[in-house]
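Note that the protein sequences, when read in sequence, are chains F and U.
Quick note: the first sequence uses the working numbering, first residue 1, plus one each step.
Quick note: the second sequence uses the working numbering, first residue 245, plus one each step.
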Amino acid sequence: MSLTVKKIFVIVRKNMKIYYLKAPIIIFGIIFPFFLFLAFSIGRDVSVAYLFPGIISITMFFSSSSIGPAIPPWETNMKTLERILSTPISITSVVFGDIISGFLYGFALTIVPFLLSIFYTALQSYAVVLLAIILGSFCFSSLGTLISTYPTDTPSTSMMISSLVRFPIIFISGVFISVNDLPAAGKYISFISPLTYIVDIIRFSFGQKNFMAIWIDFLVVFLFTILFIISSLLLHKKFLPRRL
Amino acid sequence: MDEVIRINKLTKVFNGLVAVNNVSFVINEGKIFGLLGPNGAGKTTTIRMLTGIIEPTSGDIEIFGLNIKKHLLEIKEKIGVLPELANPYMDLSAWENIMIMADLYNLDKKVKISRANEYLELFGLSEFRQKKVKGFSKGMKQRLQIIMALIHEPRLLFLDEPTTGLDIQSVKLIRDIIKEKNVKEKTTIFLTTHNIAEASVLCDRVAIMDKGKILICDSPINLQKIFTSTQSLEIMFDTSSKDISFIPEYLSSRVEAKELISGIEISKDRDAIKIYTFDPVSLIAPVLEFSKANGLKISSVNTYGPSLEEVFLKIINEGG
Numbered sequence: 001m002s003l004t005v006k007k008i009f010v011i012v013r014k015n016m017k018i019y020y021l022k023a024p025i026i027i028f029g030i031i032f033p034f035f036l037f038l039a040f041s042i043g044r045d046v047s048v049a050y051l052f053p054g055i056i057s058i059t060m061f062f063s064s065s066s067i068g069p070a071i072p073p074w075e076t077n078m079k080t081l082e083r084i085l086s087t088p089i090s091i092t093s094v095v096f097g098d099i100i101s102g103f104l105y106g107f108a109l110t111i112v113p114f115l116l117s118i119f120y121t122a123l124q125s126y127a128v129v130l131l132a133i134i135l136g137s138f139c140f141s142s143l144g145t146l147i148s149t150y151p152t153d154t155p156s157t158s159m160m161i162s163s164l165v166r167f168p169i170i171f172i173s174g175v176f177i178s179v180n181d182l183p184a185a186g187k188y189i190s191f192i193s194p195l196t197y198i199v200d201i202i203r204f205s206f207g208q209k210n211f212m213a214i215w216i217d218f219l220v221v222f223l224f225t226i227l228f229i230i231s232s233l234l235l236h237k238k239f240l241p242r243r244l
Numbered sequence: 245m246d247e248v249i250r251i252n253k254l255t256k257v258f259n260g261l262v263a264v265n266n267v268s269f270v271i272n273e274g275k276i277f278g279l280l281g282p283n284g285a286g287k288t289t290t291i292r293m294l295t296g297i298i299e300p301t302s303g304d305i306e307i308f309g310l311n312i313k314k315h316l317l318e319i320k321e322k323i324g325v326l327p328e329l330a331n332p333y334m335d336l337s338a339w340e341n342i343m344i345m346a347d348l349y350n351l352d353k354k355v356k357i358s359r360a361n362e363y364l365e366l367f368g369l370s371e372f373r374q375k376k377v378k379g380f381s382k383g384m385k386q387r388l389q390i391i392m393a394l395i396h397e398p399r400l401l402f403l404d405e406p407t408t409g410l411d412i413q414s415v416k417l418i419r420d421i422i423k424e425k426n427v428k429e430k431t432t433i434f435l436t437t438h439n440i441a442e443a444s445v446l447c448d449r450v451a452i453m454d455k456g457k458i459l460i461c462d463s464p465i466n467l468q469k470i471f472t473s474t475q476s477l478e479i480m481f482d483t484s485s486k487d488i489s490f491i492p493e494y495l496s497s498r499v500e501a502k503e504l505i506s507g508i509e510i511s512k513d514r515d516a517i518k519i520y521t522f523d524p525v526s527l528i529a530p531v532l533e534f535s536k537a538n539g540l541k542i543s544s545v546n547t548y549g550p551s552l553e554e555v556f557l558k559i560i561n562e563g564g
């Protein structure tokens, strides 16, 4: 393993111990998306099979992007950031460490509804769902890290910005209502959300109606991921030292 | 002797405010260099630039002969840093905090375990290794942070206010270990402090900084020699007496004595007088004459060289 990768995983281990592997965080990560989805689905005449793609997508989206926005403000506030920046690790490695932490947390939590879905419904392709979970978790974790670039030392400010960005994304991404059923304007708006394409892939895998070829979905999510990573790197390089 | 740090015309401007202004100096291997100054002088900004945490607005920094812009990570491998306002991770144990640092410096497993045990013992934290840091006292946290800065045995150590606000035992322990590291392992140490006594005891060379500028840079002894006018003559009397108040007037009437004096302080109890002068011995005779004439009994006469604190205040007040 190269030295850079080793250092990235030091950051991952640190983040896991301090931020992710806490019972309340894990329980919240599982329960919150589940109840959020139920709240919008109860009373509507939908099958269990129809619910799963939505639950999987929301769990992936929320868990991967939930903690990342709070890490740099928290580390600034607790005065631990300067020590990390004084060690021989680049800002790029720190950012990748944060992204991978969010990815692993999101991936692990999304596997739970995915495994449950296997008992209830037959999937067209397990591999496609798994690939979507991997790519989607990475993409949404990168989005969380991008949100964390806002230079504040108050985690609640960062979480507020995170909610402002993330909640609208859910409602424009065809999670509760399929994109095919949205009005024309809604369809156009849904294209700017990476979650739209993940939901489309998962609906396809569950044998439901999708609106785009899945290779296009994967390509667009991949491009969103690259965009989020590059933006995170550029903004963190600019703002991280200014947090001190 | 090899140069460890060379900085040339280093300047840092934050939103139009000049925090560090055209600073240049060289530090040789195995030396303890103290950067003194009041709060807001620019000490921490200087250390942050030297450790590569922030970039200078202009100027050059070379550490171990390497330009910091081009060889940042290589330099960071060789230096240890104790930032002024840093904390260890509160939710982790002392051991976990040290291991994070050891892993970031890519230490071998055996080496990191053996060094961590050794330093925990040395800094008196051995029995607390598995305790979470949030239960530690300020002194314990600071000792842990010094271990975190030393775990890779750096050749150059930056300590930003290492003993500020600590209990006496922690201060003594930290100072002793700094000195030992310097003497036994020839570790070069860059220390910022506003504790003059600390700089006087530890440092080979001291720079006094204010408003972003280095006002003077020399050994503590040479600084004291430069400011000989802050030598003093202290005379203590057996009993308090109003007559002591007339000593300044008497000395002023003696032209040859008047020219020697730069300041006079009388104690609140009127039983002692301190005269600042560059020639304390010449003032003893006129004071004795006055005392004899006024029936004052002298209990002691002492002469003092200037303390580093007096030098510091004089430089800061005069702005160099």
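Note that beta-carbon positions come from the ideal geometry of N, C-alpha and C, so glycine has one too.
Flag residue i as yes if its beta-carbon sits less than 7 Å from any beta-carbon of chain U, otherwise no.
i	result
I89 of chain F	yes
T80 of chain F	yes
P113 of chain F	no
L234 of chain F	no
K237 of chain F	no
P24 of chain F	no
I100 of chain F	no
L3 of chain F	yes
K209 of chain F	no
State buried or exposed for residue i, treating a residue as buried only when at least 16 other CB atoms are found within 10 Å of its CB.
i	result
T483 of chain U	exposed
S414 of chain U	buried
D222 of chain U	With chain U running from 245 to 564 in the structure shown, residue 222 of chain U is simply not present.
N561 of chain U	exposed
T525 of chain U	According to the sequence shown, residue 525 of chain U is Val rather than Thr. Exposed.
K354 of chain U	exposed
W215 of chain F	exposed
T154 of chain F	exposed
Kindly indicate which residue of the options has the alpha-carbon position closest to the one of residue i.
i	options	result
I517 of chain U	U:N546, U:S526, U:K287, U:D347	U:N546
V112 of chain F	F:I30, F:R242, F:P241, F:F61	F:I30
A529 of chain U	U:K512, U:E562, U:Y494, U:G507	U:Y494
G549 of chain U	U:I465, U:M343, U:K356	U:I465
I458 of chain U	U:I559, U:D420, U:A360, U:K428	U:I559
L240 of chain F	F:L135, F:R83, F:Y188, F:M159	F:R83
K287 of chain U	U:L329, U:I488, U:T431, U:E500	U:L329
C244 of chain F	F:S205, F:I58, F:M78, F:S57	Reading off the sequence shown, one finds Leu at residue 244 of chain F, where the question assumed Cys. Comparing Cα-Cα distances from L244 of chain F to each of F:S205, F:I58, F:M78, F:S57, the minimum goes to F:M78.
I27 of chain F	F:D200, F:K187, F:G106	F:G106
S66 of chain F	F:S41, F:T87, F:Y20	F:Y20
K17 of chain F	U:I312, U:N341, U:D513, U:G303	U:N341
K14 of chain F	U:K253, U:I312, U:D347	U:D347
D45 of chain F	F:N210, F:H236, F:I177	F:I177
I390 of chain U	U:G379, U:E371, U:R359, U:Q374	U:R359
L504 of chain U	U:S476, U:S489, U:K512	U:S476
S543 of chain U	U:T521, U:I479, U:V499	U:I479
P332 of chain U	F:P88, F:L81, F:L235, F:I91	F:L81
Taking Cβ positions only, does residue i come closer than 7 Å to chain F?
i	result
N331 of chain U	yes
N350 of chain U	yes
T288 of chain U	no
G564 of chain U	Caution is warranted here: a pLDDT of 49 is assigned to G564 of chain U, below 50, making its placement in the model unreliable, and the coordinate value is therefore given only provisionally. Cβ-Cβ to chain F under 7 Å: no for G564 of chain U.
V325 of chain U	yes
E321 of chain U	yes
D404 of chain U	no
L317 of chain U	yes
T483 of chain U	no
T407 of chain U	no
T295 of chain U	yes
For residue i, which residues of its own chain have a beta-carbon under 8 Å away from its beta-carbon, when the five flanking residues on both sides are left out?
i	result
K541 of chain U	F481, D482, T483, S535
R419 of chain U	T407, E442, V445, L446
Apart from the five residues on each side of it in sequence, which residues of its chain come closer than 6 Å, Cβ to Cβ, to residue i?
i	result
E426 of chain U	Inspection of the sequence shows that residue 426 of chain U is occupied by Asn rather than by Glu. For N426 of chain U, where only same-chain residues beyond five positions count, the Cβ hits under 6 Å are I276, I433.
G564 of chain U	Note that G564 of chain U scores a pLDDT of 49, beneath 50, so its modelled location is shaky; the value from the coordinates is reported in the next line. So the qualifying residues of the chain are L459.
I229 of chain F	S142
T121 of chain F	A49
V12 of chain F	G97, I100, S101
Which residues in the same chain have their Cβ closer than 7 Å to the Cβ of residue i, if we skip the five residues on either side of it in sequence?
i	result
P53 of chain F	V199, I202, R203, F206, Q208
M345 of chain U	M392, I395
* **In chain order, each beta strand (DSSP E) run of at least 3 residues that lies wholly inside the region 72-160 of chain F** => Runs found: none.
* Where in the region 324-387 of chain U do unbroken runs of the alpha helix (DSSP H), each at least 4 residues long, occur, reported from the N-terminal end onward? -> With a minimum length of 4 residues, the continuous alpha helix (DSSP H) runs that stay inside the region 324-387 of chain U are 338-348, 353-366.
* **Contiguous beta strand (DSSP E) assignments of at least 3 residues, all confined to the region 408-439 of chain U** => The qualifying runs are 432-437.
* What runs of the beta strand (DSSP E), each 3 residues or longer, lie entirely inside the region 504-529 of chain U? -> For the region 504-529 of chain U, whole beta strand (DSSP E) runs of length 3 or above, ordered along the chain, are 505-510, 516-521.
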